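A short write-up of the structure that comes next.
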Amino acid sequence: MGYSVTRQAIYSSGHPARGSGLVNPFGVIKSSDGGRTWQQLGLQGESDFHLLASGYDSATLYVYNTRPNSRMSVPGLYYSRNDGANWQRASAQGIGEAPTALAVHPSDHRLVAVATGAGLYLSRDAGQRFRAVVEGEQVVSVTFSLDGSSLWFGSYGDAAKLSRLDLKTREITPLGVPELDEDAIAYLAQNPVQPKEWATATFKRDVYLSKDAGTTWSAIAKAGQTLE
Numbered sequence: 000m001g002y003s004v005t006r007q008a009i010y011s012s013g014h015p016a017r018g019s020g021l022v023n024p025f026g027v028i029k030s031s032d033g034g035r036t037w038q039q040l041g042l043q044g045e046s047d048f049h050l051l052a053s054g055y056d057s058a059t060l061y062v063y064n065t066r067p068n069s070r071m072s073v074p075g076l077y078y079s080r081n082d083g084a085n086w087q088r089a090s091a092q093g094i095g096e097a098p099t100a101l102a103v104h105p106s107d108h109r110l111v112a113v114a115t116g117a118g119l120y121l122s123r124d125a126g127q128r129f130r131a132v133v134e135g136e137q138v139v140s141v142t143f144s145l146d147g148s149s150l151w152f153g154s155y156g157d158a159a160k161l162s163r164l165d166l167k168t169r170e171i172t173p174l175g176v177p178e179l180d181e182d183a184i185a186y187l188a189q190n191p192v193q194p195k196e197w198a199t200a201t202f203k204r205d206v207y208l209s210k211d212a213g214t215t216w217s218a219i220a221k222a223g224q225t226l227e
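Under numbering that gives the first Met the number 0, think of the first position of the sequence shown as 0, with each following residue one higher.
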């Protein structure tokens, strides 16, 4: 299942719950009222995009498609600037293997990052060509800060790591990581109202909150269960 939030809307792709009345898979859907109602954007019964990302302000959608459908003739990376009415294929040169995570710059629709089992890659031309930022390391999560100045990413080697790339200086800064037991950071999100507040979720469904921009973390859920 893919899921991404912008300033004005929520986008999702995946499989519907029983009784929802939606076709399985439901393609791409959009909510403009915080998830109360949903609009179908196409590809119902055709595609479930596990990797779906959107620009927080640009609302440009990127997906990684694993099989052809009626709007995407071959597998690969695609983007849309009109809510999925039209999709443009990106050649994604420079990536050695299929992405495991995907992120889009909040305002510059041409700036996109992908994580793979071999590293982290950045494109400044809408996914046509990628350049390695980190190589020889399994990168499992990636997101841009909402002010567009940095790229945060989680990786895993001997242990879980969290890092921040300054997009101007290209300097990579190691950040604090919660104590994880054979686990890694699967998802990252920043609070748009309190910019120093970040949340992470792990593959084992533990959730942590930082109020100091990733220096320290507090657990707020374990194995999917909220802590009191």
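Note that the Cβ used here is the ideal one computed from N, Cα and C, for glycine as well. Quick caveat: nothing in here was measured; it's all calculated off a predicted structure.
Item                                                                                                                                               : Value
If we ignore side chains and look at the alpha-carbon of each, how far apart do residue 218 and residue 150 end up?                                : 23 Å
Near residue 156, which residues of its chain fall below 8 Å by C-beta distance, leaving aside the five closest residues on each side in sequence? : 136 and 137
At 3 residues or longer, and completely inside the stretch 164-218: list those beta strand (DSSP E) runs for me, N to C.                           : 171-173, 184-189, 197-201 and 206-209
Given this structure, state the Cα-to-Cα distance separating residue 122 from residue 8, to the nearest angstrom.                                  : 25 Å
If we call anything under 8 Å between Cβ atoms a contact, is residue 53 one with residue 12?                                                       : no
Would you call the stretch 96-115 in contact with the stretch 25-45, where contact means no fewer than 3 C-beta pairs closer than 8 Å?             : no
Could you check where the beta strand (DSSP E) with residue 50 kicks off and where it finishes?                                                    : 50-53
In angstroms with no decimal places, state the Cα-to-Cα distance between residue 134 and residue 166.                                              : 17 Å
For residue 247, which residues does DSSP report across the bridge?                                                                                : Outside the shown range of the chain, which is 0 to 227, sits residue 247, and nothing can be said about it.
On the criterion of 16 or more Cβ atoms from any shown chain inside 10 Å, does residue 108 qualify as buried, or is it exposed?                    : buried
At what residues does the beta strand (DSSP E) containing residue 134 begin and finish?                                                            : 130-134
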